[in-house]
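In the working numbering, the protein residues as written are 3 to 584. Yeah, the Cβ is synthetic: ideal placement off N, Cα and C, and Gly gets one too. A quick write-up on the structure given underneath.
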Amino acid sequence: MDNLEVAKILNQIADLMEIKGESKFKVGAYRRATRTIEELPENINDVYLKDKLEEIPGVGESIALDIKELITKGSCLRLSKLKEKIPGKLSELMEIEGLGPKKVAFLFKKFHVTAIKQLEKLIKSHKLKELFGWGPKSEQNILEGIKLYRRFRERFLLGKIYPYAQALQEKLRKSPLVEKVEICGSFRRRKETIGDLDILVTSKQPKRLVDFFVSLPEIQRVNAKGPTKVNVLLKYGAQHQSGVETDLRVVRPESFGAALHYFTGSKTHNIEIRRRGIEKGLRINEYGVFKVSPSKKRLTRVGGAKEEEIFKAVGLPWIPPEIRENEGEIEAALENRLPKLIEKRDIKGDLHLHSDWSDGEDSILDLALSAQKRKYQYIALTDHASPIGIINGLNAHRVLKQILAIKEINKKLRGFQILTGTEVDINKDGSLFLPDKILEKLDIVVAGIHSSFHLSCDQMTKRIVKAMKNFHVDIIAHPTGRLINKREPYEIDESALIKEAKRTGTILEINAAPQRLDLTGPYIRLAKEYGVRMAISTDAHSTNQLDYMVFGVDTARRGWAEKNDIVNTLPFEELKGLLKRG
DNA sequence: GCCGTTTTCGGCCCGACTGTTTTCAGTCG
Ligand SMILES: Nc1nc2c(ncn2[C@H]2C[C@H](O)[C@@H](COP(=O)(O)OP(=O)(O)OP(=O)(O)O)O2)c(=O)[nH]1
Ligand SMILES: [Mg+2]
Ligand SMILES: [Mg+2]
Ligand SMILES: [Zn+2]
């Protein structure tokens, strides 16, 4: 059972406990543990074997026991006991917007509803609205919730929604009612996927602004509307067949900093900051920081216009949004050991690109010129070397031809270098698609898996480790192989991979393509702790995809990466010195 | 259920909007 499977079960335990009516703090404890384990880079089985489960924040004696049972037996007593009283399927019903634990519990107790179909039937019989506490609107809202649930709403790729969000921000800025507009939430934290857009606006006329917003042509539906907060579905996608859930929050200018902090999150980060506020006799909310009088009756405002003031109030320096996940950033800030995160302007080149020699769209020269426009000093041309026909992979002969072609192009360039390279397939047995005597002629060798994705964890790990041991392999491309919303990562021992990368001096890639972002935050952080170097590469298949770099930098920042951790911040000569021979 | 340079017991973030309520619980951010 892997981390995500364990997390999923802990979350289901939380759901069922909530439906059962357990203390919300107990439920909260399970949700906290769920979240931590979802983001844990170490394999939970290893943590168990080392007897260190209780060292995971939020995991104590009870949850550690649950995890132990899950790992050793595939099931746990607590869940089985819960399921005797509460059907496991009820946790799915809770995913419908507007249905929480209390309503689900009621529907089950009174009508034995356990599935969506049953619920629909019940509503259409209109038995519900006769009951106290339920009316026609309740019925209508549940039906709407079911419809939305069925539209199968995946999370959006950050890279895909980015231009849409920016255009919307610009549009709002133009309104005379608006002072500041920031897109907050997971978007500002630069998570690789975004559940919804959270837009913060300051205005001296909040009510008028809310009315203006819901009258925009982009609005598909208004779900909720009050004087400070609106929830809508925006039109999105071709023919607007899709929609983006959007929360708009309006505050007065003096609350901008506090609201920015609140709305940026993450939720767990907010809770921890507020808790520290309580210890200092402060109340922190989206309107500001307030001193609580000894009688606890009066609040005196002590800050909130600037985001910094929130941190300052609890004795901290400003923390970059990308690492606000309550994963140790608050402790680090307190001890003045926040990382100096890498920035876009630190990037001096791109080490994973495809030209029209393989499956890219543009010529080598165009890629070089585009990179030069972006103030880079170098690129590495890494066309596929692969037997897969569809990607038009290069064989040994064409690789040699390309080396000569690049030599010619390099002569035409000033202050810029193209490194010769390849993205060579790692075969099923860990050998490479090109022989060593070809690899040694290249400046840089990127190796990646593009076939046989379904090996056992052991086989897959050995496969990549073998590739790393090859003296010519400099970089492992997209190390976990995931395609967001499409393909799960390979079964692989990431910790072992990271340790081996350190041992062999192999660079791990942070692939910046929006559907990959691989490595992702938690693994980047682990790699950094081991002293493994990484490369942020776009894997661009056209010149405009060079712009993916920013998403790679964002992801690196989420992994606490600093300039020194990333090799393509180095000037050309230093980078060359770092690469393995050939 | 978890946790602790004030605690091993007693807290646990704080607020907005909705529907059906005559005063607020439920759900969500
Ligand atoms: N203090 C506090 N803040 C919250 C809570 N729930 C949400 N927030 C804040 C922090 C979140 O980042 C922000 C936006 O909420 P969302 O539900 O949209 O979450 P977020 O954008 O982080 O993730 P998402 O990608 O939308 O799933 O609101 C909460 O329970 N308490
Ligand atoms: Mg959000
Ligand atoms: Mg939201
Ligand atoms: Zn590639």
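- The straight-line gap separating the alpha-carbon atoms of aspartate 495 and aspartate 460 is approximately 8 Å.
- Beta bridge pairing from DSSP links aspartate 352 with Ile381.
- C-alpha of valine 232 to C-alpha of leucine 580: approximately 53 Å in a straight line.
- For the set Ser188, Asn225, Glu274, Pro89, the Cα lying nearest the Cα of glutamine 142 is the one of Asn225.
- Annotated three-state conformation of aspartate 460 is helix, per DSSP.
- Annotated three-state conformation of alanine 226 is strand, per DSSP.
- In the three-state scheme derived from DSSP, where H, G and I count as helix and E and B as strand, lysine 308 is classed as coil.
- Ordered by chain, the residues meeting the criterion of a beta-carbon within less than 6 Å of a non-hydrogen atom of ligand 2 are Gly187, Ser188, Gly197, Asp198, Asp200.
- In summary, serine 82 is exposed, with fewer than 16 beta-carbon neighbours lying within 10 Å of its beta-carbon over all protein chains present.
- Residues close to ligand 4 by the beta carbon criterion (under 7 Å to any non-hydrogen atom) are, from first to last along the chain, His354, His356, Thr384, His386, Glu425, Gly450, Ala479, Asp541.
- Counting only residues of its own chain and dropping the five nearest sequence neighbours on each side, glutamate 564 has a CB closer than 7 Å to the CB of Pro341, Lys342, Leu343, Ile344.
- DSSP, reduced to helix, strand and coil, places serine 360 outside both helices and strands of the structure shown, so it counts as coil.
- A distance below 7 Å separates the beta carbons of glycine 245 and leucine 235.
- Its Cα nearest to that of arginine 278, the residue Leu318 stands out among Leu318, Gly305, Phe258.
- One Cα belongs to asparagine 5, the other to leucine 12, and the distance between them is close to 11 Å.
- If you check the C-beta of phenylalanine 265 against ligand 1, you find a heavy atom less than 6 Å away.
- Note on the region 426-476: whole alpha helix (DSSP H) runs with a minimum of 4 residues are 438-441, 459-471, in chain order.
- Rounded to whole angstroms, the gap between the alpha carbons of isoleucine 392 and arginine 400 is 16 Å.
- Residue nearest to leucine 18 within the set Gly30, Ala35, Leu92, Ala66 is Leu92 (criterion: CA-CA distance).
- With respect to the C-alpha of alanine 514, the residue from Val216, Leu421, Gln547 having the closest C-alpha is Gln547.
- Under DSSP, the beta-bridge partners assigned to glycine 245 are Lys237.
- Aspartate 427 sits close to histidine 452, with the two beta carbons spaced by under 7 Å.
- When Lys269, Asp385, Ile88 are compared, the shortest CA-CA separation from leucine 402 is found for Asp385.
- Across the structure, isoleucine 332 and glycine 30 are spaced so that their CA atoms are roughly 20 Å apart.
- Of the residues Val475, Glu493, His474, the one whose Cα lies closest to the Cα of glycine 483 is Glu493.
- Sequence-distant partners of arginine 190 (beyond 5 residues in either direction) whose C-beta falls short of 6 Å from its own C-beta, in its chain, are Thr266, Pro323.
- With 16 or more other CB atoms across the displayed protein chains lying within 10 angstroms of its CB, alanine 16 is buried.
- Membership of asparagine 412 in any beta strand (DSSP E) is not indicated; the residue belongs instead to the alpha helix (DSSP H) covering 398-414.
- Segment contact: the region 539-556 against the region 362-375, three or more CB-CB distances shorter than 8 Å; contact assigned.
- For the pair of segments examined, the region 131-146 was found not to touch the region 157-168: the number of CB pairs separated by less than 8 Å stays below three.
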